[in-house]
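Report on one structure; see the data block that follows.
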Amino acid sequence: MKKVLLIFSVLSLLIFIRPALGLNSNNNNDNITSSVSVDQVNQEEEISYNGAFEGIKQFYNYTGFANATLGNIIMIFIGIIFIYLGIKFDYEPLLLIPIGAGVIIGNIPFVAGNQTGIYETGSVLNYLYFGVVKGIYPPLIFLGIGAMTDFSSLIANPKLMLLGAAAQIGVFATFLGALYLGFNLPEAGAIGIIGGADGPTAIFLSSKLANGVNILADGTTVKNLIGPIAIAAYSYMALVPVIQPPLMRFLISKEDRKIKMKPPRAVSQKEKMIFPIVALILTTFISPSSLPLLGMLFFGNLLKESGRTERLADTARTKLIDIVTILLGVTVGASTQADIFITKDSMLIFALGAISFVIATCGGLLFAKLMNLFLKGDNKINPLIGAAGVSAVPDSARVVHTEGLKSDPSNYLLMHAMAPNVSGVIGSAIAAGIILSFLG
Amino acid sequence: MTHIPLITDQISEGYVILISGLLIVFGALLTLSLFFKFGLPIILYIYKVITKRKDKKISEIKVDADEEFTGEIAGAISAAIHLYLNEQHDHESAILTIKQVKKPYSPWSSKIYGTQHRL
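Protein chains in written order, with the working numbering: chain A, 10 to 449; chain B, 951 to 1069.
The following block contains the structure:
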């Protein structure tokens, strides 16, 4: 502690003295030309004192205290709230804590032009942000997710895949809502994907559509909405345990909540190996624009299931995804620089994001009820698992599980909920591909 | 490829995208689920034919070969194995590295060694 104080005081001394020294060296030139007198020296000293004072003033002008705006302070406060939520309530701490720290980092006030901020070309943060702007991080995250995910419950019960598709109604409904609110087509598409409840997909699509670079047909450039969209997607994903349960209780009757599903059959390794290959070929033939996401997802899953590449799968699902999550979280957080982030558009995006989550959850739940009309006896599904069709993996499946346990303590839905959950990931990636191919 | 010239009304284009997009998403996942319902057994059947050269009807080959063995049983067995393997550590000797070695002769205990080699 003493050492730290010592170093700090030496540093501050140096900083205060520097302007004085700098001024002296300038005045030396004057000294050569002007005649040396005692009077002059006195004046010199006064000037150098003034100079030191000026230096301190200049230094103050460089500090955050002088440059802070109300926006910065609000955003720093929001960053602290994110960190608090992550630590205290355990809402997706792996996301909220890096993002919260990033929000603070991005909103420290600074003087523009010194290659500090994330939006200044050449700054370190800007280079890290490159992976977000160009959509590099999301496919890498998907690789890790693929290497983590067990698709066996989906293979055992393929009809549950439709629940993942039903939840994508949130994407398209939000897209329409954004159009009505006056966003243009590409921006609306990027906002809509928040309803997919999939952070990486949202970043991927917004980096392609609403990146502030593309030029529209009428000659205007699209707005840069990556920051607000990513923050909205991730914060609502973290809030899944808050948003979904009331909707479940509202839409699904007590008897329906108690339905027990028969345990999924055991799936052979051969089927698990065939799944990623076939699914990759089928889905990307239908929606080639989602190739970066789905290609990496199924590639990661093949690494896991092939049984021969355990080392690669292990790296993809631990080290690699951790590294990318850290970079992604911090840079997305830092991209919320107040002067760019706090706008009317951001507020609208946040409102639309909440609505899209609600619509997606309702879509999944209602479709599950609809499916139940056609299913008989043992094959009936518990409509609660429809809510897991929004792809927030594995949080929404966990929420479904706890909600099921509340109505019947012996009803374990986690395994069943994972099926619509992972198909939701596939569904939202396909939806992103479709929107991209229409509007990109 | 034909290009539809400039649709001025964004909202109507939005509806087009809404409907076609939803249809495509449903279509894609429906194909996928249909494939795993019906296509996969055929693939497995063909694979069996190729490898074993035994004629069998598609209906004879069941993907769900063992109806009784469900995921729950697998979960229970693996939990038991996991617990058992973890338990084993309790019976291990705590002393892993230190071993008592007895030697008949050692320079540490020898008087002659001590007299010849001064420290």
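Where a beta carbon is used, it is the ideal one built from N, C-alpha and C, also for glycine.
Keep in mind that this is a model prediction, so the values were computed, not measured.
Cβ of residue i within 8 Å of any chain A Cβ
| i | result |
| --- | --- |
| B/L936 | Because chain B in this structure spans residues 951 to 1069, residue 936 of chain B falls outside the shown range and cannot be described. |
| B/V975 | yes |
| B/T1001 | no |
| B/K998 | no |
| B/E963 | yes |
| B/I1027 | no |
| B/I992 | no |
| B/E1022 | yes |
| B/A1030 | no |
| B/K1061 | no |
Residue i classed as buried or exposed, judged by whether at least 16 other C-beta atoms fall within 10 angstroms
| i | result |
| --- | --- |
| A/N220 | buried |
| A/F376 | buried |
| A/V497 | The structure shown does not extend to residue 497 of chain A, since chain A spans only 10 to 449, so no value can be given for it. |
| B/S983 | buried |
| A/T72 | exposed |
| A/M356 | exposed |
| A/L395 | For clarity, residue 395 of chain A is Gly in the given sequence; the question names Leu instead. Looking at its Cβ environment, which holds 16 or more other Cβ atoms inside 10 Å, A/G395 is buried. |
| A/P255 | exposed |
| B/L972 | buried |
| A/K217 | buried |
| A/H410 | buried |
| A/I41 | For A/I41, the pLDDT reaches just 45, beneath the cut-off of 50, and the residue's location in the model is therefore unreliable, although a value from the coordinates is still provided. Exposed is the call here. |
| A/S244 | buried |
| A/S44 | Legend: pLDDT at A/S44 = 49, less than 50; position of this residue unreliable, value from coordinates given subsequently. Burial call: exposed. |
| A/P297 | exposed |
| A/R274 | buried |
| A/S344 | buried |
| A/R407 | buried |
| A/S34 | In this predicted model, A/S34 has a pLDDT of only 45, less than 50, meaning its place in the structure is not dependable enough to derive any value. |
Interface flag, residue i vs chain B, CB-CB below 8 Å
| i | result |
| --- | --- |
| A/F5 | Because chain A in this structure spans residues 10 to 449, residue 5 of chain A falls outside the shown range and cannot be described. |
| A/V231 | no |
| A/E196 | no |
| A/P403 | no |
| A/L445 | no |
| A/A110 | no |
| A/P209 | no |
| A/G31 | Low per-residue confidence applies at A/G31: pLDDT is 49, beneath 50, and the placement is therefore not dependable, though the value from the model is reported in the following sentence. Answer no: the Cβ-Cβ gap between A/G31 and chain B never drops below 8 Å. |
| A/V287 | yes |
| A/S296 | yes |
| A/Q1 | Absent from the model: residue 1 of chain A. The displayed extent of chain A is 10 to 449, so no value can be given. |
| A/A199 | no |
| A/L7 | Shown here, chain A extends from 10 to 449; a query on residue 7 of chain A therefore has no answer. |
| A/N381 | no |
For residue i, the nearest candidate out of the options (CA to CA)
| i | options | result |
| --- | --- | --- |
| A/F151 | A/L312, A/K263, A/P107 | A/L312 |
| A/L260 | A/L445, A/G372, A/V402 | A/G372 |
| A/L336 | A/P237, A/G140, A/I443, A/L422 | A/G140 |
| A/I351 | A/M84, A/G60, A/F74 | A/M84 |
| A/V339 | A/I90, A/I108, A/A199 | A/I108 |
| A/A441 | A/Y69, A/A206, A/V133 | A/A206 |
| A/P429 | A/K168, A/A242, A/S344, A/P272 | A/K168 |
| A/V251 | A/L361, A/L94, A/S132 | A/L94 |
| A/A182 | A/G173, A/G201, A/L382 | A/G201 |
| A/E116 | A/G144, A/D331, A/N76, A/L103 | Note that residue 116 of chain A corresponds to Asn in the displayed sequence, not to Glu. Ranking A/G144, A/D331, A/N76, A/L103 by Cα distance to A/N116 puts A/N76 first. |
| A/G342 | A/L137, A/M424, A/Y421, A/D354 | A/L137 |
| A/I468 | A/D99, A/I106, A/L445 | Here chain A comprises residues numbered 10 to 449, so residue 468 of chain A is not present and cannot be evaluated. |
| A/A121 | A/F184, A/S132, A/L185, A/F383 | A/S132 |
| A/I82 | A/G398, A/V249, A/R326, A/Q346 | A/Q346 |
| A/I240 | A/M170, A/I290, A/A363 | A/A363 |
| A/S446 | A/V276, A/S21, A/L289, A/A199 | A/A199 |
| B/T925 | A/A174, A/V276, A/T324 | For residue 925 of chain B there is no data in the structure shown, the boundaries of chain B being 951 and 1069. |
| A/L329 | A/K66, A/Q67, A/I154 | A/I154 |
| A/K353 | A/K97, A/I286, A/Y421, A/P237 | A/P237 |
| B/I967 | A/V112, A/L188, A/R258 | A/L188 |
| A/G158 | A/I114, A/I349, A/F74, A/R326 | A small fix is needed here, since residue 158 of chain A is Thr in this sequence, not Gly. If we check each option's Cα against that of A/T158, A/R326 comes out closest. |
Heavy atom of the ligand PLP within 7 Å of residue i beta-carbon
| i | result |
| --- | --- |
| A/K269 | Because no ligand of any kind appears in the structure shown, any question about the ligand PLP cannot be addressed here. |
Practice task
Pick out the complete alpha helix (DSSP H) segments inside the region 303–360 of chain A, 4 residues or longer, and give them in chain order.
Solution key: Counting whole runs of 4 or more residues, the region 303–360 of chain A contains the alpha helix (DSSP H) stretches 319–324, 330–343, 347–350.
Practice task
For the region 215–233 of chain A and the region 189–201 of chain A, state whether three or more C-beta atom pairs, one from each stretch, are separated by less than 8 Å.
Solution key: Output reads yes: the region 189–201 of chain A touches the region 215–233 of chain A.
Problem - Validate contact between the region 279–286 of chain A and the region 113–131 of chain A using beta carbons, cut 8 Å, 3 pairs - result: As far as the Cβ criterion goes, the region 279–286 of chain A does not touch the region 113–131 of chain A, which means the pair count is below three.
Exercise for the section: Specify whether the region 381–401 of chain A and the region 265–274 of chain A touch according to this definition: at least 3 beta carbon pairs, one from each stretch, less than 8 Å apart. Expected result: Judged by Cβ distances under 8 Å, the region 381–401 of chain A makes contact with the region 265–274 of chain A, as three or more pairs qualify.
Practice task
Give, in chain order, every unbroken run of the alpha helix (DSSP H) that is at least 4 residues long and sits entirely within the region 65–104 of chain A.
Solution key: Runs of the alpha helix (DSSP H) lying entirely within the region 65–104 of chain A, each at least 4 residues long, are 73–76, 79–97 in chain order.
Exercise for the section: For the region 224–295 of chain A, list the alpha helix (DSSP H) runs that are entirely contained and at least 4 residues long, ordered along the chain. Expected result: Counting only runs of 4 or more, we get 235–247, 249–260, 263–266, 278–295.
Problem - Three or more C-beta pairs below 8 Å linking the region 292–312 of chain A and the region 431–439 of chain A - result: Flag = yes, the region 292–312 of chain A and the region 431–439 of chain A touch.
Handout entry: Complete alpha helix (DSSP H) runs within the region 160–220 of chain A (minimum length 4 residues, chain order)
Key = Listed in chain order, they are 161–165, 170–175, 178–189, 194–201, 208–218.
Practice task
Take every Cβ of the region 395–405 of chain A, pair it with every Cβ of the region 160–175 of chain A, and state whether three or more of those distances are shorter than 8 Å.
Solution key: Output reads yes: the region 160–175 of chain A touches the region 395–405 of chain A.
Practice task
Closer than 7 Å, Cβ to Cβ, to anything on chain D: give me those residues from the region 312–335 of chain A, in chain order.
Solution key: As a matter of chain content, chain D is missing from the structure shown, whose protein chains are A and B.
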